[in-house]
Amino acid sequence: MEHELLVAQSRLDSVTVHTDGALCRRRVCVQLPAGVSRVRLAGLPLVSDPHSLRARVVDSRETTPARVLDVRREERAEVVPREQLASLQRELDAAQEAYDVARARRDRIAARSETTFALRPVPPLPRRGDPPRPAPVEAVIALAGFADARLDGLNAQLLAAEGVFERAEHGLDVARHRLAEASHALPTESTRTTADAVVTIDLGSGGSGVAARSEAADGSEGEPERELELELEYAVPGATWFPSYRLQLARRTSTEAGSAHDSLSLRASIAQRTGEDWTGVRLSLSTAALLTRSVMPQLRSIRLGRRQAEQPAPPWREAPAGLSGLFGGYDAAAADAPAPTGHEPVPVAARGLGKAVAGAGAGVGAVGGNDGERELRPAMRRAAPRAAVFGAAPAAPGAAPGGPPAYGSARAQPMAAAFAAPPPAGSAAPGRALPASEPTLDVALRDLAGLELAGPGAPIGARGTLAPSTPGTPSAAVEREYRQRAHSVRGLAVPPHAVPVAESAAFDHRFDTAARVDVPADGAWHSVAVAEFPVGLTLRHLCVPSLDPQVYATVELANTSPHALLPGPLDVVVDGEYSTTVAMPALAPGARKRIGIGVEEGVRVARHSRSAESSSGLLGGTTVITQRVEVEVANRLDRPITLDVLERVPVSDEKDARIEDTAATPPWTVVPPEEDEHHRRGLRRWQLDLAPAATATLTGGYEIRIPSAKAVVGGNRRDA
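Per my numbering: the sequence shown = residues 512 to 1231.
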């Protein structure tokens, strides 16, 4: 027994944000009796994808399981009461009303002022023969005084009205701006189109389904109502995100590798315009695409020798009984009607299609041979008056060959048009059987409740068949407009160092927030705290005096978490004060990378170099180029630091050139290329610990020995 439709209000429970959309899940608890029940869940956004709609019973807590038989989306129009409109919309209406009142009062006072200003004394017309009259000076002066006094009062009123009008106009602009930047999920119109999900649930009564239905139909006492928790899942476009990080550092009082106050937190910048606010939801962030291909690739075998065409299995489906004669009377009445004139004659190429179509029709339930040809000829004769389709252009090159589609397919064409049209490119010649094609199943035909039975007004080949219903034009237009608004988040400006998630991840990752969050649907960026990762931090300083005498503070970051760190902007906060924003590179679990966090002004470095050239060997046959480097370091900070000073020694692949290091004080370290991040050769490193207010002097150098008849490319003098 199917019960009445139950209307329930669902709540948004969790959201998974992908690179190009979001996957939302709603939950609701309902009380349902035994049998088949239908539940309407309101609150779905119009941009939700109907094909992604899924429903399931989370926990029935009963021995008899509950099954979801069907779920579909329905659209309806509703009237929004004024008290349910958004407060911003009510404020806008009040501001608009105040603006109209102020403007009307200003215009009214301005019109009265112009009328008063236009007052002029008009003397009476003199009569013929009357003597000249004296000028009414007193009356003119009285009128002028009256007009001046009147204008003074009106000007004061007009000035006050102008002030009120300007304030009302400013208030109207502010109200419009606030409403434009507010969430688009707020109801702002008196009527709106909403989307609901109708879920059909079957609650068995312990016995068989037939017995339960018969018991409910007889009106006998059944099982009491059960409480179920339903979960509704759907996909929406118009949501995107990118990661950002916050690195909190505490100033070291010693050279320890880390501190309890150091932390790296992941934050997500999220923008969504899906048409519904995410309030108190469990948020997950994914780098995967919302819709991905799931078709398995098939590797075809390579045949050697003569090529043999594969014979696909012919599609065959038994035609329903009585369908051919279902519209016999309608066709007979149409055949008795006078045939229209002015059509072109039937081309000769269409005469030999009877046998070909009969041979192809054998694969779809028709009787082959002469019997099938005799059955098809009356249909061809009835279609002959409608010969306008014979003049159509031939099929496009590359069209898929094959016979007519299987019964019930949405691609079914009228029988007369299929027989009269010229054979498509690549099809069999007239008189031969058309090759059978692979059966194709339209996805829309799986929606059984959304199919419509074609009547006698449909084409001949489609009458009596099921086809998907056509959606309404008004709702489709509204949905199209909402989808355009949702896709506008793709064009939002991003801050520096931000990397799109689709381009930053080689693999798919997912991050879950520790608490429930709120994200309004206003199309703007909102920062949400995701989690804090256990990472290893080592604060060091780096200087390359041959390129830049400034000392840079760096953090050697070790990702000890099981999650990969995606590239994005990194905000560095030292002792609670914002320092700088740098680019965070991608960091796999267990990887280490050095990140620069800015210039350290408290450490000074000065570099001095000397170059000398001499001859050695028998008769001066070898030129010796000596390069000496002296680096002075001063720590002006109130804490100890660890400083790495990098230098490079030339490397040559010439067998006549020999390069040797000279004695360095303190000794430097040769860095192999495989240990360097950029695989640089000839790298030398001084690593020293400096106490507060300490200084140090580093010396080093190298010698280049080449034959006297040769010279170094670019000159023997290396640098200043």
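Backbone N, C-alpha and C define an ideal beta-carbon position, used for all residues, glycine too.
| request: Inspect the CB distances between the region 1102-1117 and the region 791-809 and report whether three or more fall short of 8 Å. | output: no
| field | Extent of the continuous beta strand (DSSP E) to which residue 736 belongs | value | That residue, residue 736, is in no beta strand (DSSP E); it is neither H nor E in DSSP.
| request: Give me the Cα-Cα distance between residue 546 and residue 752, rounded to the nearest whole angstrom. | output: 44 Å
| Environment of residue 1095 [buried if 16+ CB atoms lie within 10 Å] | buried
| Should the region 520-534 be regarded as contacting the region 544-558, the criterion being three or more beta carbon pairs within less than 8 Å? | yes
| Contact check, residue 743 vs residue 1009, beta carbons under 7 Å | no
| Three or more beta-carbon pairs under 8 Å between the region 1060-1067 and the region 1104-1112, yes or no? | yes
| task | Excluding the 5 residues preceding and the 5 following residue 1098 in the sequence, name in chain order all residues of the same chain whose CB lies nearer than 8 Å to its CB. | result | 1068, 1070, 1075, 1076, 1104
| message | Rounded to whole angstroms, what is the Cα-Cα separation between residue 774 and residue 1052? | response | 19 Å
| Name the DSSP bridge partner or partners of residue 586? | 706
| field | Contacts around residue 755, its chain only, beta-carbon distance under 6 Å, and the 5 residues preceding and following it disregarded | value | 778, 780, 1079, 1080
| query | Within this structure, are the beta carbons of residue 651 and residue 632 separated by less than 7 Å? | reply | yes
| field | Where the beta strand (DSSP E) containing residue 1172 begins and where it ends | value | 1169-1172
| task | Go to residue 1012, then tell me how far its alpha helix (DSSP H) extends in each direction, as first and last residue. | result | 1012-1015
| query | How big is the Cα-Cα spacing for residue 1089 and residue 1065? | reply | 16 Å
| task | Could you give the DSSP three-state label for residue 1239: helix, strand or coil? | result | Not covered by the structure: residue 1239. The range shown for the chain is 512 to 1231.
| task | Run the CB neighbour count on residue 1158, radius 10 Å, all protein chains shown included, and call it buried at 16 or more, exposed below. | result | buried
| Exposed or buried, what is residue 1012 when buried is set at 16 or more other beta-carbons lying within 10 Å of its beta-carbon? | buried
| Looking at the structure shown, is residue 922 part of a helix, part of a strand, or coil, going by DSSP? | Reliability of the predicted coordinates at residue 922 is poor, the pLDDT of 42 falling under 50, and the value obtained from them is presented with this limitation in mind. It is coil, neither helix nor strand.
| message | Determine whether the beta carbon atoms of residue 1155 and residue 1196 lie at a separation below 7 Å. | response | yes
| said: Which residue wins for smallest C-alpha separation from residue 1045, given the options 999, 1006, 1101? | reply: 1101
| field | Selected residue, minimal CA-CA separation from residue 1004, among 1133, 637, 971, 1036 | value | 1036
| said: Taking 7 Å as the limit between beta carbons, can you name the residues of its chain near residue 1048, skipping five residues before and five after? | reply: 769, 773, 1066, 1068
| task | Take every Cβ of the region 1142-1154, pair it with every Cβ of the region 1199-1215, and state whether three or more of those distances are shorter than 8 Å. | result | yes
| request: Assign residue 1018 to buried or exposed, taking buried as 16 or more other Cβ atoms, counted over all protein chains shown, within 10 Å of its Cβ. | output: exposed
| said: Can you check which of these residues, 1141, 747, 1001, is closest to residue 1057 by C-alpha distance? | reply: 1141
| field | From 609, 750, 1181, 737, residue whose alpha carbon lies closest to that of residue 682 | value | 609
| field | residue 1089 - partner residues in DSSP beta bridges | value | 1084
| field | Residue of 798, 642, 1168 minimising C-alpha distance to residue 1021 | value | 798
| message | In this structure, how does DSSP classify residue 520 when only helix, strand and coil are distinguished? | response | strand
| With a CB to CB cut of under 6 Å and the five nearest residues on each side skipped, what residues in its chain are close to residue 534? | 527, 746
| query | Who are the Cβ neighbours of residue 578 in its own chain at under 6 Å, not counting the five residues just before and after it? | reply | 713
| query | Secondary structure at residue 1188, three-state DSSP: helix, strand or coil? | reply | coil
| query | In angstroms, rounded to a whole number, what distance separates the CA positions of residue 977 and residue 1072? | reply | 56 Å
| message | Contact defined as beta carbons within less than 8 Å: I believe residue 582 pairs with residue 740. What is the distance between those atoms, to the nearest angstrom? | response | About 15 Å; that fails the 8 Å criterion.
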